[in-house]
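Read the structure below first, then the notes.
Number of protein chains: 2
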Amino acid sequence: MRRSKSSKWNNLLSKKDLINKIKEDVLSEIKPSEEDIILVRRIAEDVKERILEKAKDLNLNISVILVGSAARNTWILNGKRRDIDLFILFPTTVDEKFIEEKGIDLIERAMEGWVLEQRYAEHPYVRASIDKEVDGEKMRFDIDIVPCFDVKDPSHIISAVDRTPHHNIYVMKRINGKEGEVILLKKFLELLGIYGSDNKTKGFSGYLCELLIIKYGSFEDLLLDAADWRPPLYIDLEGIGCYDKKDPLVFIDPVDPNRNVAAALSYNNLCIFIDASREFLKNPSKSYFKKREIVVKTYEELKNFFINRETYILAINLRLPDFAEDIIYPQLERSKDGIKRGFEDNAFKILNSYIYYTRNEAIIIFEFEVWKLPKITKHFGPNVFDKDAADRFKEINKDYKIFIKDCRYVVERERKFSSPKDFLEKNILKCALGKDIRHIIEDKEYHLLGIEELLSKNYIRQFLSEIY
Amino acid sequence: MRRSKSSKWNNLLSKKDLINKIKEDVLSEIKPSEEDIILVRRIAEDVKERILEKAKDLNLNISVILVGSAARNTWILNGKRRDIDLFILFPTTVDEKFIEEKGIDLIERAMEGWVLEQRYAEHPYVRASIDKEVDGEKMRFDIDIVPCFDVKDPSHIISAVDRTPHHNIYVMKRINGKEGEVILLKKFLELLGIYGSDNKTKGFSGYLCELLIIKYGSFEDLLLDAADWRPPLYIDLEGIGCYDKKDPLVFIDPVDPNRNVAAALSYNNLCIFIDASREFLKNPSKSYFKKREIVVKTYEELKNFFINRETYILAINLRLPDFAEDIIYPQLERSKDGIKRGFEDNAFKILNSYIYYTRNEAIIIFEFEVWKLPKITKHFGPNVFDKDAADRFKEINKDYKIFIKDCRYVVERERKFSSPKDFLEKNILKCALGKDIRHIIEDKEYHLLGIEELLSKNYIRQFLSEIY
Chain A
1 MRRSKSSKWN NLLSKKDLIN KIKEDVLSEI KPSEEDIILV RRIAEDVKER ILEKAKDLNL
61 NISVILVGSA ARNTWILNGK RRDIDLFILF PTTVDEKFIE EKGIDLIERA MEGWVLEQRY
121 AEHPYVRASI DKEVDGEKMR FDIDIVPCFD VKDPSHIISA VDRTPHHNIY VMKRINGKEG
181 EVILLKKFLE LLGIYGSDNK TKGFSGYLCE LLIIKYGSFE DLLLDAADWR PPLYIDLEGI
241 GCYDKKDPLV FIDPVDPNRN VAAALSYNNL CIFIDASREF LKNPSKSYFK KREIVVKTYE
301 ELKNFFINRE TYILAINLRL PDFAEDIIYP QLERSKDGIK RGFEDNAFKI LNSYIYYTRN
361 EAIIIFEFEV WKLPKITKHF GPNVFDKDAA DRFKEINKDY KIFIKDCRYV VERERKFSSP
421 KDFLEKNILK CALGKDIRHI IEDKEYHLLG IEELLSKNYI RQFLSEIY
Chain B
1 MRRSKSSKWN NLLSKKDLIN KIKEDVLSEI KPSEEDIILV RRIAEDVKER ILEKAKDLNL
61 NISVILVGSA ARNTWILNGK RRDIDLFILF PTTVDEKFIE EKGIDLIERA MEGWVLEQRY
121 AEHPYVRASI DKEVDGEKMR FDIDIVPCFD VKDPSHIISA VDRTPHHNIY VMKRINGKEG
181 EVILLKKFLE LLGIYGSDNK TKGFSGYLCE LLIIKYGSFE DLLLDAADWR PPLYIDLEGI
241 GCYDKKDPLV FIDPVDPNRN VAAALSYNNL CIFIDASREF LKNPSKSYFK KREIVVKTYE
301 ELKNFFINRE TYILAINLRL PDFAEDIIYP QLERSKDGIK RGFEDNAFKI LNSYIYYTRN
361 EAIIIFEFEV WKLPKITKHF GPNVFDKDAA DRFKEINKDY KIFIKDCRYV VERERKFSSP
421 KDFLEKNILK CALGKDIRHI IEDKEYHLLG IEELLSKNYI RQFLSEIY
C-alpha cells in the first residue's frame, strides 16, 4: 500500500527545516539573479526584433518566440555563458524546404555582424554568439535560432522541433514560483552525471525536470516519492497517454500523448536518481549540489593503484573525424560492447570498461579480470553417438589426440589468441563495431595503449581519478 | 530405420577375412590353453573335495560349485595368476549369521595349510592362495571361496552373491563354442580401460561380456551393432525386464528381471566402447588387443611439456588408511569434484583433473586454465529499488565505494583467495568431500604438491605419460 504524502513526511518533519535551509543557501548561489534575467531578456528581445524586422523586409509571415529555460527562468548557471533559444514559427502552408532555405536566409540576414554557425538537428538551425561586458566581466551569449512550423496540434507535428513552442506554453503557465525547485533539481542531477537527454548522458532533460516539479510541487516532494520508486514507472499529468513502449520511466508529454518525455533516460540512471533521493533525505547536505573536489592522481599513484589491484589494462585510442557526439557516442558504446564480447568469447574476462571521449579523440579502456591463459584450450566436438558429426570432427582434428569426455569428443588445441593484445591486433575487425568506428579502424586511425602510455596522458589521469 | 544385420555387413564383407585372421592370431596368444584349463579344473576339484569332506565331518548340508570365468573357460590370461571362484551353497533353512560363521569355519578347517585371507563383500568370504610349479614356472592360484544361499528363484535372493550360481547355470548352457568371442571382447575392453564393474573402472563386468556375446553371437557382430548405438539402450534377452532406472545401458539380468547387469557402466565408458567399435570396424587391427607401449617421459620432458602448455599444476597428496578401493575411490572422485567446484566458485578454472590411486596413497591433480586473478573482485548487491536489502548492503559495505551498475549496487572488494594454493590452505575443508577423505584432511594426513614435487615421483611420471 502506498503511504500518503503527509504520512511519508512524518519521518522527515524534523529534517524539513534543514532541507529548506540547504535549498535557500544553494539557490542563492546557483539561481540566476534579477540582473541576469533582465540581461538575457534584453538580448533575446533585441535578436527577436532584428528577425521580425528583416522578415517584414522579406515579406515573410512569421512570429518569433523565446523558449527553453531562458523563457522560464529555470536555467542553471553555466560559468560565463548564457544559452538562449529563439524559435521562428512559419505557417504550415509552406513546406520543409521553404523553412530550411528561407529560415536560414532570414536568420543570416537579420544577424549580420554576429558570429554565426550553422548547425543540424532534424533541420538546420543557427547558433549566433556574442560576447558582452557585464559588470566589467566578459560574458558569452549563445543564441540558438531555430526555424519551425507553427503547428496547432502538437501530436501532429511536422518536425520534432515543432513541439518546443507548445512545451513552452505548457510550462510557462504552470511553473511560476517554482523556478527555484527546477534549478535545484537540475543541479542535483547534474552532479550525479545524469542531467541531459543526449546519447552520452542518457539522463533527465530540462523539460522533464520542469514537468517533474509541476507534478510533485517541490524538489523534496519529488525526492520523497522517488525514494520509493520501483521501475517501470508511469506518470501522465493530463491523463491522455497512449504510449506503449516499455521504458523504465514513462512520463507522458502533456502536449503529445504519443511521446515519452523520459524516453532517453536509462534504467541505470533512474536507479542512480532513486538511490540519491534516499541518501539525500536520509542525510540532507549541500554537498549534493557541489562538485566533488577531484584530486588528480599522479602517474606513479595510478600506476601503483593498478599494480596493487593486480589487474591488466589495455586501451584503444581512436582518432575521430568531426562527428556530432550524439552520432558517434552510441557507436563507441556499441564497439566497446562488441570488443568486450570478442574478448569474453575467447575466455578473457573484463572487470571494467570505460569510454573516454572528446570531440576528436576517444579511448576505450578495458580492465581485465582474466588476461593470462594457457596456450592450449579444450575444444569440444559432437556427441559420440552422433556418427556423421563424429566423422567430420575426427577428420578436422586428425592431427590432435582425441579424447572422449562427458560423451563428447574433445581435443586440446592451441588457443587462437595468446593475449588480449594479440586478440585486438588480429581480430578487432571481426567484433561487432559501430559503422563509423569500423571505418576508423579499417583506416588504421587508431592505436593500442598499454598502462604506461595510457597513464602518460594527463586528461586520462584526470578521467581515472574521477572513477576510482 | 534400423538396417538389418546382413545389410550392415555388406559394407564390411571385405574386412571379414581380416577380422577373422586378427581374432585367430589374438586368441592364440590370449586364450587359456587346454593344459591351463585342465590344471585350473584339477585345483578347483581338489578344493571342492576338501570342503565337501570337511562338511560331512561337521554334518553340514551343503554343495560346492565352480562358477565364474574359470567354470566357463572365458578368463583372460593374467600373467602367472589364475583366479578361481568356488561357491558353497547352504540351504535357505539356515540364517545369514549361520552361513557367515559356519561357512567361514568350514572353509578354514577344510583349507588348513593354505594361505588364507578373510575378505568382505556383502558377507565375509575367504581367499585361499597357493603357488604351484607349472612347466617349471611358478604359478599362483587365488581361489575365492564364497558361502551363499541356495536360492531357487534368483529374483528373491537373500544376499547379492546368491545370484552367482544362477548366472553360472545360465551362461554355461549357452556359451559353449563362444568362449573365444568372450575372451576377445574382455581383452578389447581391458585395453580401452573399461573392463570391470568396480567403482573405479565403471565398465563392463565379465558376466555382461558373456551375455553380450550370447546376445550377438560374435565379437564383430556385437561391435557392428554397437557402432550404431545411441544411448539409452535397453536389451532384454528373455523379455522379462521390470527395471525402471534410467541407466545408459540397461541389460536385464536373464536370471533376475529387476536387475540391470550393466548398472555400473558409465555413460562415458559406453561412449568409449561405441567409438572404439566404429574405429575397429573401420580399421581392424591387432593393436586393439595389445597394450600400447608407454614411453615414460623424463622429469625434464614433462616439466617442459607443462611449461609449453602454460598451465598451472597443483596436486593434493593423501595418505590413505587401508580402505577397500570400492569404498574409497568414489570418495576421491566426490572430493575432486567438490574441490573443483570450490575453485570455480572463486573464479579459478580447471582445465583437467585426475586421480592417481594406489592402495595407500592418492594424488588428486588439478591443471588450471585460470589461476592468476586480480586482488579485487566485483561483489554485486541487491537491486537499487529493493530498499531494505539496499540498506543492509550499504551497512555491510560501508567501508567500500559503492557503485550502481546494471541497476544493482556493486562494490570492488579484496578477493578472498589470492591463488589456488591459498584457497586449498584456507578452505579445503569447506569443500564437499567424501567422508573418510574429510577425516584424512582433518588429521592433516595430506600435503600439497607443486609441479616440481609432483613430477619428482616416478609413478606420477608414468601416470602422466599415459594420459598425455
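From first to last, the protein sequence lines are chains A and B.
The working numbering numbers the first residue of the first sequence as 1 and each following residue consecutively.
The working numbering numbers the first residue of the second sequence as 1 and each following residue consecutively.
Ideal placement from N, C-alpha and C gives every residue a C-beta, glycine not left out.
- In this model, A:Leu212 and A:Leu222 are separated by some 7 Å (Cα to Cα).
- The three-state secondary structure of B:Cys148, taken from DSSP, is strand.
- A:Tyr400 carries a coil assignment under DSSP once its states are collapsed to helix, strand and coil.
- Within the segment 372-388 of chain A, those residues whose Cβ lies closer than 9 Å to any Cβ of chain B are, in chain order, Lys372, Leu373, Pro374, Lys375, Ile376, Thr377, Lys378, Asn383, Val384, Phe385, Asp386, Lys387.
- The alpha carbon of A:Asp83 has as its nearest neighbour, out of A:Ser129, A:Asp142, A:Tyr125, the alpha carbon of A:Asp142.
- Residue-level contact check: B:Glu466 does not touch chain A, since none of the beta carbons of chain A fall below 7 Å from its beta carbon.
- One Cα belongs to B:Asn283, the other to B:Leu89, and the distance between them is close to 47 Å.
- Rounded to the nearest whole angstrom, the C-alpha separation of A:Ala276 and A:Lys187 is 13 Å.
- A:Ile157 carries a coil assignment under DSSP once its states are collapsed to helix, strand and coil.
- Relative to B:Ile307, the option among B:Leu332, B:Phe368, B:Leu318, B:Asn360 whose CA is nearest is B:Phe368.
- The residue among A:Ser14, A:Leu302, A:Met111 with its C-alpha nearest the C-alpha of A:Lys457 is A:Leu302.
- Residues of the segment 334-357 of chain A with a Cβ closer than 9 Å to any Cβ of chain B, in chain order: Ala347, Lys349, Leu351, Asn352.
- Closer than 7 Å to the CB of A:Val182 there is not a single CB belonging to chain B.
- Within chain A, the residues placing a beta-carbon under 7 Å from that of B:Asp406 are Asn268, ordered along the chain.
- An exposed status is given to A:Gly193, since fewer than 16 other beta-carbon atoms sit within 10 Å of its beta-carbon.
- The Cβ neighbour count for B:Asn360, taken over all protein chains shown within 10 Å, is under 16; the residue is labelled exposed.
- About 13 Å separates the Cβ atoms of B:Asn260 and B:Ser155, ruling out a contact at the 8 Å cut-off.
- Using a CB distance cut-off of 7 Å, B:Glu108 does not count as an interface residue toward chain A.
- Close CB contacts of A:Gly338 within its chain, under the 6 Å cut and outside five residues either way in sequence, are with Cys431, Ala432, Leu433 (chain order).
- For A:Arg408, there is no enclosing alpha helix (DSSP H); the enclosing beta strand (DSSP E) has its first and last residue at 408-414.
- Taking the Cα of A:Asp144 as reference, the smallest distance to any Cα among A:Lys152, A:Glu133, A:Val126, A:Lys138 is reached at A:Val126.
- Within 7 Å of the CB of A:Ile451, no CB atom of chain B is found; the nearest one sits about 13 Å away.
- Closer than 7 Å to the CB of A:Val411 there is not a single CB belonging to chain B.
- Taking CB atoms only, A:Asp253 has no neighbour in chain B less than 7 Å away.
- Chain-order list of chain B residues neighbouring A:Pro231: Phe385, by C-beta distance under 7 Å.
- Among the CB atoms of chain A, none fall inside 7 Å of the CB of B:Glu301.
- Taking a C-beta distance under 7 Å as the contact criterion, B:Ile76 and B:Ile30 qualify as a contact pair.
- In this structure, B:Ile365 places its C-beta atom within 7 Å of the C-beta atom of B:Ala315.
- At a cut-off of 7 Å between beta carbons, B:Ile235 makes no contact with chain A.
- For B:Ala160, the CB contacts under 7 Å within the same chain, skipping 5 residues up- and downstream, are Glu122 in chain order.
- Comparing alpha carbon positions, the residue from A:Val384, A:His439, A:Ala389 closest to B:Cys271 is A:Val384.
- Between the segment 55-75 of chain A and the segment 165-183 of chain A, the count of Cβ pairs shorter than 8 Å is three or higher; the stretches touch.
- At a cut-off of 4 residues, the continuous stretches assigned as alpha helix (DSSP H) that sit fully inside the segment 219-277 of chain B are 219-226.
- Segment contact: the segment 199-211 of chain A against the segment 312-332 of chain A, three or more CB-CB distances shorter than 8 Å; contact assigned.
- For the set A:Leu320, A:Glu333, A:Lys375, A:Lys340, the Cα lying nearest the Cα of A:Thr358 is the one of A:Leu320.
- Beta-bridge partners assigned by DSSP to B:Lys132: B:Met139.
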